[in-house]
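Accompanying notes for the structure given below.
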Ligand code: HEM
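Here you go:
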C-alpha cells in the first residue's frame, strides 16, 4: 500500500493520528465483539449456578485426592481435601439442581427428596474415606474414593440436566414435522 495515499484520523482520547484503515479495523473488531457477546449461549458462559460452584470445589478436591490417595505421606492433606468435599457436598444438598425445572410440577418434591438422599449417602461415603485415612489404611481409602466416583456418576445421571444430543434434536424436529 502506498503510505502517502492513506487518510489519517485522530484516535479518540489520544493525540495520535491513525491510518483510516486501522481505525476501520478497530471499529469492526469492536462491533464483532459486541455481536458475539450478545449471543445468549456465549454471554451465559462463565455464569455458574450456586450448585455448580459447590461442584467445582468438590471437583478440585476430588482430583487432588485421586493423585495422592495411596500415598500415606499425604494423608494429612488428603483428610483436608475430604473435608472440603464434605463441606461443599453439605452446602449443595440445600440447593436445587437445574433439572428440577424439567420435571413435571407434581414430581418435583419427589425429585428433590431423592436428590437430597443421594447427596446424604455421598456424604456418608466421605465419612468412610476419612475413617480409612485416619486408620492409615490407604488401600481402603482408595476403594472409598472409587465409591465416590460411582456416586458421582449416578448422581449426574439422575439429577444433572441432560445435554440434548444433535441426534435427539433431529429426531424431535422430524417428529414435529410429521405432526404437521
Ligand atoms: C466426586 C464427586 C463429584 C464430582 C467431582 C462432581 C463434579 C461436578 C461438576 C464438575 C459439575 C459441573 C459444574 C459446572 O458446570 O461448573 C457438576 C454438576 C452437578 N453435579 Fe456433581 N459432582 C460430584 C458428585 C455429585 C453427586 C453425588 C451428585 C448428586 C447426588 C451431583 C449432582 C450434580 C448436579 C445436579 C449438577 C448440576 C448442577 C446444577 O444443576 O446446577 N454431583 N458436578
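Numbering (our numbering), first residue to last: 95 to 274. We treat Cβ as the ideally placed atom computed from N, Cα and C, and that holds for glycine.
Out of the options, which one is the CA nearest neighbour of residue i?
i           : options               : result
residue 255 : 145, 191 and 149      : 191
residue 165 : 236, 153, 243 and 120 : 236
residue 238 : 257, 215 and 260      : 215
residue 178 : 244, 154, 257 and 271 : 154
residue 207 : 189, 264 and 167      : 189
residue 152 : 168, 161 and 180      : 180
residue 226 : 268, 149, 213 and 163 : 163
What is the residue span of the alpha helix (DSSP H) that residue i lies within?
i           : result
residue 252 : 232-253
residue 152 : 144-162
residue 261 : 260-273
Would you report the Cα separation of residue i and residue j, rounded to the nearest angstrom?
i           : j           : result
residue 157 : residue 246 : 13 Å
residue 224 : residue 252 : 26 Å
residue 40  : residue 240 : Since the first residue shown for the chain is 95 and the last is 274, residue 40 is missing from the structure and cannot be characterised.
residue 270 : residue 209 : 33 Å
Does chain E have any CB closer than 9 Å to the CB of residue i?
i           : result
residue 118 : The structure shown has no chain E; it contains just one protein chain.
At least 3 beta-carbon pairs within less than 8 Å: the stretch 174-192 vs the stretch 143-151: yes
Validate contact between the stretch 226-233 and the stretch 168-178 using beta carbons, cut 8 Å, 3 pairs: yes
Completely contained beta strand (DSSP E) runs for the stretch 176-211, where each covers 3 or more residues: none
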